[in-house]
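Residue numbers (this note's numbering): -14 to 100.
Glycine residues also receive a C-beta, built at the ideal position from the N, C-alpha and C atoms.
Quick caveat: nothing in here was measured; it's all calculated off a predicted structure.
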Ligand SMILES: [Zn+2]
């Protein structure tokens, strides 16, 4: 799902995608100054390897995510949110979900035996 920045207005634009047991559902809203606010939840589960014994761990997901997407380079720091830059005039929902999932996977997760 790829959304053109120009299509995003102050009226929230809903999106909902599913991939590999994960549901990414939320909305995009224009926030001024070439910024779009994404507010969404990630639910479902992901399979991981325990960082201690490498057994499979099924991690249930129920994450609220909120960040800004900048149409082009963003200089400076935003007071309230992280800012993700996009350089092609589009918002790629799958790509954003994938980077969130990578972030979750990069944490330390242990199986029941190792807890
Ligand atoms: Zn383990």
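- Sequence-distant Cβ neighbours of residue 24 in its own chain, meaning closer than 7 Å and more than five residues away, are 11, 12, 51.
- Inter-residue distance for residue 22 and residue 29 is about 23 Å (C-alpha atoms, whole angstroms).
- Under the DSSP assignment, residue 62 falls outside any alpha helix (DSSP H); it carries neither an H nor an E label.
- Of the candidates 7, 98, 93, the residue whose Cα lies closest to the Cα of residue 45 is 7.
- Residue range 41 to 56 is occupied by the beta strand (DSSP E) that includes residue 47.
- Relative to ligand 1, the beta carbon of residue 98 is positioned inside 6 Å of a heavy atom.
- In this structure, the straight-line span from the alpha carbon of residue 4 to that of residue 81 is close to 13 Å.
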